[in-house]
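Here the structure comes first, spelled out in structure tokens, and everything after it is commentary.
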Amino acid sequence: MHKNVVYNYTAESTDPDNDPITYTITWGDGTPHISYSRTSAEPVIASHSWEEQGEYTITVQTSDGQNYSISTSLLVYVDRHNCGSIGYLIDENSDGIYDVFYDYGTDTENPLGRQGEQYIIDSDGDGFSNYLFNPAGGQLTPYDSMMPAADFAQFILLFILLLIGGLMIMILIFLQKRKKQT
Ligand SMILES: [Ca+2]
Ligand SMILES: [Ca+2]
Ligand SMILES: [Ca+2]
């Protein structure tokens, strides 16, 4: 779901003795509630758009004006994807790609990296990535941002070994030349 897009919701309720039913809907974003009056089993179609990213609770309260009153709620996510207990992803420009990560622990928003369908999360914004997250499956895995550094160390080690090997060959050639001279 994206911000500034109108979504339709249908609510329907019945009353055992067919009293007219009042529906009161709140959208969870502070906008005033709306009320509708319908006969029993006649549906209400209500539309709403949210202006900011967030997690919202839609609440529908129905009443027959006499003895029945029932409340139901629905949780919706607008340009937001929850990421376990650590925080959530935000799609700032509503293009379907998440741009920043909000971290509960540090109360900060940090840019997201991407790796295919997955997102690279630097939850605390210290420049080192902490997690890989797949919104489709909801998997959150620790991400070792020291990996490229380890690869670099291996490369240096290989370079040094080659250098030593080369030096030894040069020394051998030098020694052979000296042998021939003597
Ligand atoms: Ca009734
Ligand atoms: Ca985006
Ligand atoms: Ca980090």
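For any residue, its number in the working numbering is found by taking its place in the sequence shown, counting from 1, and adding 84. Using N, Cα and C, we set each Cβ at its ideal position, and we do this for glycine too. No experiment lies behind these values; they were computed from the predicted model shown.
When the five nearest sequence neighbours on each side are left out, the beta carbons in the same chain lying within less than 8 Å of the beta carbon of Ser169 are those of Tyr188, in order along the chain. In this structure, Asp228 has its beta carbon at no less than 7 Å from each heavy atom of ligand 3.
Judged by DSSP secondary structure, Asn166 falls within the beta strand (DSSP E) whose first and last residues are 164-167. Ser207 and Ser119 have their C-alpha atoms spaced approximately 42 Å apart. In the DSSP annotation of this structure, the continuous segment of the beta strand (DSSP E) that includes Asp187 starts and ends at 184-187.
Of the residues assessed, Ala125 falls on the exposed side of the cut-off, its CB having fewer than 16 other CB atoms within 10 angstroms.
Only exposed fits Leu159, as fewer than 16 other CB atoms lie within 10 angstroms of its CB.
For Gly197, the enclosing beta strand (DSSP E) begins and ends at 197-199. Taking 8 Å as the cut-off, the Cβ atoms of Ile109 and His117 count as close. Nearest C-alpha to Gly138 among Asn151, Asp163, Gln150, Ser157: Asp163.
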